[in-house]
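Structure first, then comments.
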Amino acid sequence: MSTTTTSPDRLAETRVPISDVIAGRWSPRSFDTESALDETALVAALEAARWAASANNTQPWRFIVGRRGSDTYRRISENLLGFNAAWASTAAALVVNVAEVETAEGTPLRWAEYDLGQAAATFTLQAQKSGLHTHTMGGFDVDAVRRAFSLEERFVPVTVTAVGPVGSPDALQSEVLRSRETAPRSRNAFEDIVLVDE
Ligand SMILES: Cc1cc2nc3c(=O)[nH]c(=O)nc-3n(C[C@H](O)[C@H](O)[C@H](O)COP(=O)(O)O)c2cc1C
């Protein structure tokens with residue numbers, strides 16, 4: 001497993017130093033289709049997700065993992081919407097992040113989507129640490145993915161994460177995507193997100 005190095009212009013600007021993994025994580029649209037997927041890195045990311053915190057340790061997350069070339073990958077990829085359909089099929093793997101919003105006995109799991117988000121975020125950081133990049137998407141046909149994998153109503157596909165070694169911006173077909181790939185990264189000001197800091 002290698003560690004991803006992120007070019008200085010993609011690094012997060014922070015007022016005090018933060019973990020290299022967090023500062024270096026960003027969401028590319030160009031993935032390297034020549035390099036093989038590091039299987040250990042993918043398993044490590046899933047293990048990291050497995051060990052995320054969750055309400056009452058309910059662990060209301062499931063993952064559908066498709067490697068490029070597989071039928072699972074095709075079924076995820078063909079349900080991506082808009083621009084996502086254009087770029088995401090270069091990723092080495094596509095992972096559907098699924099929330100279990102109700103137990104098999106019918107009890108609502110109130111924090112399911114929050115917990116899934118934590119697991120998915122942990123996945124992305126471990127992937128980054130292991131030399132893979134990730135790009136999460138909300139733009140996909142939820143009902144079509146549900147049907148494609150015969151998910152019960154109590155399971156909600158929430159996002160799809162594209163995973164793989166990062167590629168060159170020049171490999172992107174459209175000028176719009178190429179310019180987004182190199183556009184400066186931005187965030188709301190620190191003062192705007194910390195409401196009270198006494
Ligand atoms: C829940 C969620 C949904 C997203 N949906 C899309 C999407 O459909 N298409 C896309 O290109 N990026 C999508 N993104 C990626 C965000 O646009 C990206 O994370 C954000 O612009 C910050 O950029 P960064 O991840 O490079 O820091 C999504 C991210 C999240 C967390």
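Residue numbers for the sequence shown follow full-length UniProt numbering, so the first one is 1 and each next one is one higher.
Even glycine gets a Cβ: it sits at the ideal position worked out from N, Cα and C.
Computed from a predicted model, the values in this text were never measured in an experiment.
Of the residues assessed, residue 64 falls on the buried side of the cut-off, its CB having 16 or more other CB atoms within 10 angstroms. CA-to-CA, the gap between residue 47 and residue 20 works out to about 20 Å. Residue 22 is positioned such that its CB atom lies no closer than 8 Å to that of residue 94.
With distances taken between CA atoms, residue 82 lies nearest to 177 out of 177, 195 and 166.
Annotation: residue 116 to residue 91 spans about 21 Å, alpha carbon to alpha carbon. Beta-carbon to beta-carbon, residue 139 and residue 84 are separated by about 5 Å, close enough to satisfy the 8 Å threshold. Taking C-alpha positions only, residue 133 is separated from residue 109 by approximately 30 Å. Here the alpha carbons of residue 141 and residue 113 stand approximately 18 Å from one another. When secondary structure is reduced to three states using DSSP, residue 43 falls in the helix class.
For residue 79, the closest of 137, 118 and 121 by C-alpha to C-alpha distance is 137.
In this structure, ligand 1 has a non-hydrogen atom nearer than 7 Å to the beta-carbon of residue 83. With a contact defined as Cβ atoms closer than 8 Å, residue 49 and residue 162 miss out at about 15 Å.
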